[in-house]
Ligand SMILES: Cc1ncc(COP(=O)(O)O)c(C=O)c1O
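Residue numbers (my numbering): 2 to 382.
Following this line, the structure appears as structure tokens:
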């Protein structure tokens, strides 16, 4: 179902992952997976093409399809389809909502190390980044630092908190109790919460994703959650995300921005097919990713014991602590220059990422082994 991830076939792809570097570089950076697309998604796109159904996006049954998926796979969550909006992609949705709810130069709190566009897209929107770093423990684990969060929420001009759950890059899923504490703190400080739940379909066995909107809390009703089929089913090029309001007042913010938030119509078709008909494909991916985390742990222990890696609770991104390798602040640059493998630079995730790199393991065990082989070659004397 997922294909063989053969490099010959993959190199025929022309997306960001496959065009950024020359052919002698193994691309293991941007969050695209290497698996073959799900058949129901291909069928939906083919059907739309055959019907000439290539106009401006209409939400159609996107809300219902996502609600069915959420009830089945996201902790029995039953969002109201009327409160679900189609957006071009998660980051554009977040950026538009931040513009709507904060004044120019208003502060937005984020938890670095975190997905780089949380910094640059919000700065491009003319907002100020307010940092509440995750607490990092000696053993390589990360946690939320609620005291720090509470403190920065009181800084002048803070108008929103952007939470990432599951968290990219550290792969944590936050517990119901932690989310309730966040809701309490944000409610007390009067700061609305935006939650990026794009990686939720990819929670690995043993982890449990708690959708923010399943909290029975005023902060949840005020919150806007962002999701998408684009990570789980690997279709970011089709441009469709989802914004979910907790209640009518938050929905009005999204409805007002509708013109600015037009998705791609093909993306809507593909997302409906993903949520409704491609759950077996998702299951196969999650099982493969779970196996891949073990493969990576074994390979690192054998070939790069200086790299610290904790198996994540979700998704296909491995956050690697390379500080013991003595490769400097940007180990990804060394892996690229000397090993011809492209990882994401940890420093792009905030200053907490200096000495770290992010490896994409949404591929075959063979290509993970090849990536580790190249990384090890880069540190060989
Ligand atoms: C946390 C997070 N949010 C958003 C995105 C991007 O989503 P989109 O392409 O829908 O903007 C990614 C992509 O990797 C991500 O990891």
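Note that CB positions come from ideal geometry on N, CA and C, so glycine has one too.
Checklist entry - Assuming residue 277 contacts residue 66 under a Cβ cut-off of 8 Å, what Cβ separation, rounded to an integer in Å, is found between them? => result Reading the chain shown from its first residue, position 276 is the one you call residue 277. Reading the chain shown from its first residue, position 65 is the one you call residue 66. Yes, residue 277 and residue 66 are in contact; Cβ-Cβ is about 5 Å, under 8 Å.
Item to check | Residue span of the alpha helix (DSSP H) that contains residue 187, given as start and end | outcome: Locating residue 187 in the chain shown gives position 186, where the first residue counts as 1. 177-190 is the extent of the alpha helix (DSSP H) around residue 187.
Next on the checklist: The alpha helix (DSSP H) that contains residue 377, what's its start and end?
Outcome noted: Along the chain shown, read from residue 1 onward, the residue named residue 377 stands at position 376. 366-380 is the span of the alpha helix (DSSP H), which, as asked, contains residue 377.
Next on the checklist: ligand 1 and residue 463: does any heavy atom of the ligand fall closer than 6 Å to the residue's C-beta?
Outcome noted: Any property of residue 463 remains undetermined from this structure, which presents the chain solely from 2 to 382.
Checklist entry - In or out: residue 121 buried (at least 16 other Cβ within 10 Å) or exposed? => result In the chain shown, residue 121 corresponds to position 120, counting from 1. Residue 121 should be labelled exposed.
Checklist entry - Start and end of the beta strand (DSSP E) containing residue 132? => result The sequence position of residue 132 within the chain shown is 131, counting from 1. 129-132 is the span of the beta strand (DSSP E), which, as asked, contains residue 132.
Checklist entry - Would the C-beta of residue 155 count as close to ligand 1, meaning under 6 Å from any of its heavy atoms? => result The residue given as residue 155 occupies position 154 in the chain shown. Flag unset: Cβ of residue 155 not near ligand 1.
Checklist entry - Using the rule of at least 16 other Cβ atoms within 10 Å of the residue's Cβ for burial, across every protein chain shown, is residue 15 buried or exposed? => result As a first step, residue 15 must be located in the chain shown, where it is residue number 14. Answer is exposed; the Cβ neighbour count stays below 16.
Next on the checklist: Under 8 Å: do the stretch 254-272 and the stretch 293-305 share three or more Cβ pairs, one atom per stretch?
Outcome noted: no
Item to check | Nearest candidate by alpha-carbon position, reference residue 1, set 232, 201 and 191 | outcome: Because the chain in this structure spans residues 2 to 382, residue 1 falls outside the shown range and cannot be described.
Next on the checklist: I'd like the ranges of any alpha helix (DSSP H) spanning at least 4 consecutive residues and lying wholly in the stretch 122-167.
Outcome noted: 147-154
Checklist entry - Does DSSP classify residue 359 as helix, strand or coil? => result On the chain shown, residue 359 is found 358 positions in, with the first residue counted as 1. Strand at residue 359.
Checklist entry - Around the C-beta of residue 284, are 16 or more other C-beta atoms found within 10 angstroms, so that it is buried, or is it exposed? => result Your numbering for residue 284 matches position 283 in the chain shown. Exposed.
Checklist entry - Looking only at C-alpha atoms, which of 176, 135, 136 and 183 sits nearest to residue 151? => result Walking along the chain shown from the start, residue 151 turns up at place 150. Taking only the C-alpha atoms, the option nearest residue 151 is 183.
Checklist entry - Under the criterion of a Cβ to heavy atom distance below 6 Å, does residue 364 qualify as lining ligand 1? => result For the purposes of this step, residue 364 is identified with residue 363 of the chain shown, where counting begins at 1. Residue 364 Cβ: outside cutoff for every heavy atom of ligand 1.
Item to check | Complete runs of the beta strand (DSSP E) confined to the stretch 196-242 [at least 3 residues] | outcome: 225-229
Next on the checklist: Just checking residue 197 against ligand 1 - is the residue's beta carbon closer than 6 Å to any of the ligand's heavy atoms?
Outcome noted: Along the chain shown, read from residue 1 onward, the residue named residue 197 stands at position 196. Yes.
Checklist entry - What is the rounded straight-line gap between the Cα of residue 7 and the Cα of residue 180? => result Position 6 of the chain shown, counted from the first residue, corresponds to residue 7. Position 179 of the chain shown, counted from the first residue, corresponds to residue 180. Each residue's alpha carbon lies about 41 Å from the other.
Checklist entry - Using CA coordinates, which residue listed in 208, 247 and 178 is at the minimum distance from residue 221? => result Residue numbering aside, residue 221 sits at position 220 when the chain shown is read from its first letter. Out of 208, 247 and 178, 247 has the C-alpha closest to the C-alpha of residue 221.
Item to check | Length at least 4, wholly inside the stretch 50-103: the alpha helix (DSSP H) runs in chain order | outcome: 63-74 and 91-102
Checklist entry - Contact between the stretch 223-241 and the stretch 194-202: three or more CB pairs below 8 Å? => result yes
Next on the checklist: For residue 135 and residue 174, which I take to be in contact (beta-carbon distance under 8 Å), what is that distance rounded to the nearest angstrom?
Outcome noted: Locating residue 135 in the chain shown gives position 134, counting from the first residue. Locating residue 174 in the chain shown gives position 173, counting from the first residue. Not really, about 13 Å apart at Cβ, beyond 8 Å.
Next on the checklist: Taking the alpha-carbon of residue 213 as reference, which of 376, 34 and 79 has the nearest alpha-carbon?
Outcome noted: Your numbering for residue 213 matches position 212 in the chain shown. Of 376, 34 and 79, the residue nearest in Cα terms is 79.
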